Amino acid sequence: MMPKISRLIIDQQFAAVGIKITHARMQITMPRRRMKINQEMPRMTIKTTRPTFDIDLSGVNADNGMMSPNQLLKQRRSRSEAAAMEYIGDVVAQGDFLSKVEQQGNRVAGYMRQKTLAASDISLNVSPSSLPEVKWNKGSIDISWSNHKFNIEWAGECTPEVIIDPKSSVEIFLRNRPSISITVEEWDTADSAGRLIDAKL
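Counting from 61, one number per residue, gives the positions in the sequence shown under our numbering.
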């Protein structure tokens with residue numbers, strides 16, 4: 061029987077650490093604001109007053125005999141006063157003529173003849189002495205403007221929305237646990253190398 065040699069076998073396994081890193085992913089959403097434009101166009105307003113004129117023919121009408129009631133009353137009063145004064149003067153003149161005793165013949169007939177032969181004023185002016193009175197109103201024109209108005213209004217908010225998915229993480233785990241295994245095996249010396257025999261001895 062061949063002698064046996066014991067051999068010590070050590071099996072060692074080191075620990076292995078696994079690291080899993082997840083990078084964060086960021087998503088940014090930017091909402092758009094709505095723009096509203098309000099504008100008011102300029103306007104022009106024109107106000108006009110037409111020119112007018114008025115012709116006053118009261119003076120011309122009065123000269124032609126077409127008088128107003130007041131003018132007619134005034135004329136009649138003036139003529140009545142003049143006629144009364146003329147009549148009074150005529151009576152006085154007649155009395156003076158008839159009272160002259162030195163005159164021969166029929167005094168009344170002589171006075172009437174003298175009065176008939178007296179010069180009378182004859183007016184050949186057929187045109188009115190007054191001219192029409194014209195009154196003018198120049199009128200007016202008024203132009204007004206309203207300015208161009210421009211207004212911009214913004215609706216909504218311009219706040220960015222930030223979403224992080226997935227989040228950043230670091231995961232550390234033990235991939236292999238540390239272990240050590242020691243076993244003793246016996247070998248035949250014939251099968252063993254010379255160094256094992258020396259080690260045994």
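The beta-carbon is built from N, C-alpha and C at its ideal position, and this holds for glycine as well. Please read these numbers as outputs of a predicted model, since none were measured by experiment.
{"Query": "Bridge partners for residue 230 per DSSP, in chain order?", "Result": "81"}
{"Query": "Leaving aside the five residues before and after residue 193 along the sequence, list all residues of the same chain whose C-beta is less than 6 Å from its C-beta, in chain order.", "Result": "116"}
{"Query": "List the endpoints of the continuous beta strand (DSSP E) containing residue 215.", "Result": "209-215"}
{"Query": "Under 6 Å Cβ to Cβ from residue 119, same chain only, skipping five residues before and after it: list those, please.", "Result": "190"}
{"Query": "With respect to the alpha helix (DSSP H) encompassing residue 123, which residues constitute its N-terminal and C-terminal limits?", "Result": "118-123"}
{"Query": "When you measure from the CB of residue 88 to every non-hydrogen atom of the ligand ATP, does any distance come out below 7 Å?", "Result": "By its list of ligands, the structure shown contains no ligand whatsoever, and the ligand ATP lies outside what it can speak to."}
{"Query": "Tell me whether the beta-carbon of residue 203 lies closer than 8 Å to the beta-carbon of residue 104.", "Result": "yes"}
{"Query": "Determine the closest residue to residue 218 out of 131, 109, 91 and 196, with distance taken between C-alpha atoms.", "Result": "91"}
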